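**Student:** Residue numbers (the numbering used here): 42 to 457.
For every residue, glycine included, the Cβ atom is placed at its ideal position computed from N, Cα and C.
None of these values were measured; they are calculated from a predicted model.
1) Does the distance from the CB of residue 182 to the CB of residue 161 come in under 8 Å?
2) Can you check whether the CB of residue 194 is closer than 8 Å to the CB of residue 256?
3) Going residue by residue through the segment 237–287, where are the continuous alpha helix (DSSP H) segments of at least 4 residues, counting only ones entirely within it?
4) CA-CA distance, residue 359 and residue 445?
5) Using the DSSP secondary-structure output, state which residues sit across from residue 51 in a beta bridge.
6) What are the boundary residues of the alpha helix (DSSP H) that includes residue 388?
7) Under 8 Å, do residue 54 and residue 110 count as touching if we go by C-beta distance?
8) Mind checking who residue 101 pairs with in its DSSP beta bridge?
9) Distance, Cα to Cα, residue 77 vs residue 321?
10) Starting from residue 425 and walking both ways along the beta strand (DSSP E), at which residues does that stretch end?
11) Mark residue 450 as exposed unless 16 or more other C-beta atoms lie within 10 angstroms of its C-beta, in which case mark it buried.
12) Thinking C-alpha only, which one of 313, 315, 318, 338 is nearest residue 325?
13) Reducing DSSP to helix, strand and coil, say where residue 323 ends up.
14) Which of the three DSSP states is assigned to residue 177 in this structure?
15) Ends of the beta strand (DSSP E) at residue 354?
16) How about residue 291 and residue 61: do their beta carbons lie closer than 8 Å?
17) Sort 345, 427, 425 by Cα distance to residue 392 and report the nearest one.
18) Exposed or buried, what is residue 52 when buried is set at 16 or more other beta-carbons lying within 10 Å of its beta-carbon?
19) Once you ignore the five residues that flank residue 317 on each side, which residues in its own chain have a CB closer than 8 Å to its CB?
20) Since residue 427 and residue 436 should fall inside the 8 Å C-beta cutoff, what is the C-beta to C-beta distance between them, to a whole number of angstroms?
21) Based on the DSSP secondary-structure assignment, which residues constitute the bridge partners of residue 168?
22) Just the Cα atoms here: how many angstroms apart are residue 347 and residue 398?
23) Whose CA, out of 412, 99, 267, lies closest to the CA of residue 46?
24) By DSSP, does residue 418 sit in helix, in strand, or in coil?
25) What does a CB cutoff of less than 8 Å around residue 122 pick up in its chain, not counting 5 residues either side in sequence?
26) Between residue 191 and residue 271, which are expected to be in contact by the criterion C-beta below 8 Å, what is the C-beta distance as a whole number of angstroms?
27) Tell me which same chain residues have a C-beta within less than 7 Å of the C-beta of residue 70, skipping the five on either side of it?
28) Identify whether residue 123 lies in helix, strand or coil by the three-state DSSP scheme.
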């Protein structure tokens, strides 16, 4: 009789920008390692996920009960997609109530598997409390960030110390991450800028982030070769491994299942791109949970039209904020230019048009950015390469992660 496959439990926060990277990692692990995956979330998110799982996948979906109305949220509010930004922190606080049900779920899995625990639990950056559950039950645990190390290192450091409140100037540095150089207060998201240590965001983060030390390590959807500063920060700060295993992405078909219906098809987009000259198309996107105000959308539209450049623009309703990754992409990698910073800043279309032309025309800055972007592209291709006896860094680090989980499990079995 064949030995049952090892089981991995995965638990993302209730936001599409978190669920989609987790789903991509789940499918990647299933396809490359052959492990079984148990994907955990609240009932409405699980219902939505059912149509996102490919027909050939054996990913198991399990619910943890959650009633948003019990936490001062609108009925059926189980995802940030349908919440205004001010209520997202309330959902974060509410998510800590999932701890007892999650512990019971893991205990049930152990019982169903004849006393054998899952090989590991992979949980969200907002679910630091899951580390103590895993520790109590003797299960290997990892935090998974769908983004890179540098931005999260800045986020982690700033939230735990609020350094901008300790200085008289608008500039400050991170005492435990001086490699990140100096910051300006305009680079901070509003939740941090207005935090005083006793507000709702501070209370949540100062409960969540220190709990990471109970985890066995952190997985990052990034590449070791160009994200070493951020990865080294966590290795030193937490004394835990930080594995760079990215980029892990959904296929075009799986993205279509997991996301909202796009305005144009992938086939049409590919055909349109193939008809354009090399280096002639500008891609505009503000991430999965971020965008700009309606007035700024109009300014951007005028700038794009005025530039005369081909462009693809991913448009979402106006919410959210994005700051730390800009510092990484501009100052560390050199593959972007900042147009404006600050939550309340307004930028005119003339300024946007000038930056578009700086990047897209044959300027020295534009050439240098394209050269660096090409270099990063090469690093990414090498990192995920797994052929002809060659294993890229991201392939090796995922192997190392599962080796660490197996060593802990085998050690526990030996003690028993």
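**Tutor:** Let me lay it out:
1) yes
2) no
3) 241–249, 269–279
4) Only weak support is given to the placement of residue 359: the predicted model assigns it a pLDDT of 44, under 50, and the question is left unresolved by the model.
5) 80, 163
6) It is not in any alpha helix (DSSP H) - residue 388 carries neither H nor E in the DSSP assignment.
7) no
8) 79
9) 43 Å
10) Here residue 425 belongs to no beta strand (DSSP E), and DSSP marks it neither H nor E.
11) buried
12) 338
13) strand
14) helix
15) 351–354
16) yes
17) 345
18) buried
19) 351
20) 5 Å
21) According to DSSP, residue 168 bridges with nothing at all.
22) 10 Å
23) 99
24) helix
25) 56, 57
26) 4 Å
27) 49, 76, 78
28) helix
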